[in-house]
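One structure below.
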Amino acid sequence: MAKQAKNEGVLDRISTLPDHMLCHMLSFLPIKDAVRTSVLSPRWRYLFTFMSTLDLYDYRQFRGFTRRDFNDFKNFVDRLLLFPKQQVRLECFRVSENASDGDCPRLYGWICAVLSRGIKELVVSYGKNLRLPTLLFTCQSLVTLELDIPGDMKIPPDVSLPNLKSLNLSNFLFSDGLIFKLVSSCNVLEELYMEFVKLGRNITEVNIHSLSLKRMTLEFVLVNRDKDYKMVINAPNLEYFKFYDMLADGYRVSSMNSLEHANIRVHQCSEYAIYDVNRERAATNLLQAICKVKCLYLLITHAETLIPMGPEPVFAFHKLVQLKFVNETEAWVGTWILEFLHCVPNLEILHLALDAASEGIKPLAENVPSCVSFHLTEIRVSRFVGDEPMFQMISFFLKHATVLETLIIAMKYLTEKEELSITKRLLELPRNSRSCQVITE
Numbered sequence: 000m001a002k003q004a005k006n007e008g009v010l011d012r013i014s015t016l017p018d019h020m021l022c023h024m025l026s027f028l029p030i031k032d033a034v035r036t037s038v039l040s041p042r043w044r045y046l047f048t049f050m051s052t053l054d055l056y057d058y059r060q061f062r063g064f065t066r067r068d069f070n071d072f073k074n075f076v077d078r079l080l081l082f083p084k085q086q087v088r089l090e091c092f093r094v095s096e097n098a099s100d101g102d103c104p105r106l107y108g109w110i111c112a113v114l115s116r117g118i119k120e121l122v123v124s125y126g127k128n129l130r131l132p133t134l135l136f137t138c139q140s141l142v143t144l145e146l147d148i149p150g151d152m153k154i155p156p157d158v159s160l161p162n163l164k165s166l167n168l169s170n171f172l173f174s175d176g177l178i179f180k181l182v183s184s185c186n187v188l189e190e191l192y193m194e195f196v197k198l199g200r201n202i203t204e205v206n207i208h209s210l211s212l213k214r215m216t217l218e219f220v221l222v223n224r225d226k227d228y229k230m231v232i233n234a235p236n237l238e239y240f241k242f243y244d245m246l247a248d249g250y251r252v253s254s255m256n257s258l259e260h261a262n263i264r265v266h267q268c269s270e271y272a273i274y275d276v277n278r279e280r281a282a283t284n285l286l287q288a289i290c291k292v293k294c295l296y297l298l299i300t301h302a303e304t305l306i307p308m309g310p311e312p313v314f315a316f317h318k319l320v321q322l323k324f325v326n327e328t329e330a331w332v333g334t335w336i337l338e339f340l341h342c343v344p345n346l347e348i349l350h351l352a353l354d355a356a357s358e359g360i361k362p363l364a365e366n367v368p369s370c371v372s373f374h375l376t377e378i379r380v381s382r383f384v385g386d387e388p389m390f391q392m393i394s395f396f397l398k399h400a401t402v403l404e405t406l407i408i409a410m411k412y413l414t415e416k417e418e419l420s421i422t423k424r425l426l427e428l429p430r431n432s433r434s435c436q437v438i439t440e
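Just so we're aligned, residue 0 is where the sequence shown starts under numbering that gives the first Met the number 0, counting upward by one.
This is the structure in structure tokens:
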């Protein structure tokens, strides 16, 4: 009796919630689990059909499916999306190739169906070329669009996505410049991601114009190109900029006064790995465009041939407080790096990830970068193998850095005995900063 009374006192809080909240909760469940709730009671029987989010993206929910299972599932999704009595608003639709079992026409139909239901977020990932409906490029409700589809992206001449705020495109081939027209036409676009996209032969200029953009990632892959391209960017309100590519023939980029973080990785073909005035000018223009950044990741192969250094720097990063410089070849020169530090007078944190150099640094005792003398508080050196050129650089930093608090050395490819010997030598180096700690990893 006591147990029965206790059970009768339990309150079913979930059943007291309104239908729209229950549907929202179901949206966080895998589709199979959401459908299973239909057996709970008559109220729950068709509740899952009113979910505002339909997530068919995770391949794990289709593990163990037989051919019959896939056919049944695709028919179920057809009924769910095309149910004439339940044309409710769909906020989010996420789908991958696994859900359609590689059925292109079926997936095409699903995309058309959700576009007519006020969709705000659409995510599609497909492992082969997929024809996209023209309706996609004139959808008035879309806020987030994410497409990961290899193959040529066919964009109609007339595009209109007035509410689009986030655009993520991966693995596409751009054979013409219509994609850049699309970007420029989105007046409220805040985030643009183009990753592993291929530029076709006909692309001679990458032209991105957007006053609303705050975050942008451009990662290009050149395909059978026999000529260079120029890059034109007018996005003055960017706060984050990531750029991976071969060095373009030229850059015309508006000033980015609000830039907080930049991640720049550019390299040139081996045939250009010697001094070339045009390449040098292009690299300089690119860095000048981002000189207002506060945190910078910089990887430039053959930097000595691309960025001129001398007594008078050609640009200055006055706002930069954190820099990670990476070089994946042995063709870096210690002297060049110290000269580059003259361009970052207020730098506080420096991270160097460099392969073993072929030569060290020249005596620069009378020309110490101001950031080393007055601002650097933390230095991290990665990939340290005990090479003499890097030892010279570390010794230079310790000798001249007056406010340095931490020097972290991450060793690589060394035996325990070698690490102990190098650590001992590092700890014996003279330090200008009394509070500096040398830490080895």
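Virtual Cβ for every residue (Gly too), placed ideally from N, Cα, C.
Treat the numbers as computed from the prediction; the structure is a model and nothing was measured.
Buried or exposed (CB count within 10 angstroms, at least 16 for buried), ASP68
exposed
Which listed residue (HIS260, SER165, GLU387 and ARG264) has its alpha carbon closest to that of LEU298
ARG264
Suppose you measure from the CA of PHE136 to the CA of LEU106; what does that come to, to the nearest Å?
17 Å
Checking 8 Å against the spacing of the C-beta atoms, do ALA400 and VAL371 come in under that value?
yes
Is DSSP giving VAL196 helix, strand or coil here?
strand
So, using beta-carbon positions, are LYS73 and ASP54 closer together than 8 Å?
no
By how many angstroms is the C-alpha of ARG78 removed from the C-alpha of ALA4?
Interpretation of ALA4 is limited by its pLDDT of 42, a score under 50 that renders its predicted location unreliable; the figure taken from the coordinates is listed afterwards. Distance between the alpha carbons of ALA4 and ARG78: 44 Å.
Quick one: residues in its chain with C-beta nearer than 7 Å to the C-beta of TYR250, no 5 flanking neighbours on either side, listed in chain order?
MET230, ALA281, ASN284, LEU285 and ALA288
PHE314 - containing beta strand (DSSP E), residue span
Unbroken run through PHE314: none, as it is neither H nor E.
Grab the span of the alpha helix (DSSP H) containing PRO107 for me, first residue to last.
Checking the sequence shown, residue 107 turns out to be Tyr, not Pro. Per DSSP, TYR107 belongs to the alpha helix (DSSP H) from 103 to 114.
Would you report the Cα separation of ASN366 and GLU387, rounded to the nearest angstrom?
21 Å
Inter-residue Cα distance where the pair is ASN326 and ARG382:
11 Å
What ranges does the beta strand (DSSP E) occupy inside the region 127 to 184, keeping only unbroken runs of at least 3 residues that lie completely in it?
143 to 151 and 165 to 173
Just to check my reading of the structure: LEU163 and LEU141 have Cβ atoms closer than 8 Å, yes? What is that Cβ distance to the nearest angstrom?
5 Å
Per DSSP, cross-strand counterpart(s) of GLU120
CYS91 and THR143
As assigned by DSSP and simplified to three states, the class of ASN345
coil
For the beta strand (DSSP E) that contains CYS370, what are its first and last residues?
Careful: CYS370 lies outside any beta strand (DSSP E), inside the alpha helix (DSSP H) at 369 to 373.
Counting along the chain, where does the alpha helix (DSSP H) carrying ASP77 start and finish?
66 to 81
Excluding the 5 residues preceding and the 5 following SER165 in the sequence, name in chain order all residues of the same chain whose CB lies nearer than 6 Å to its CB.
THR143 and GLU190
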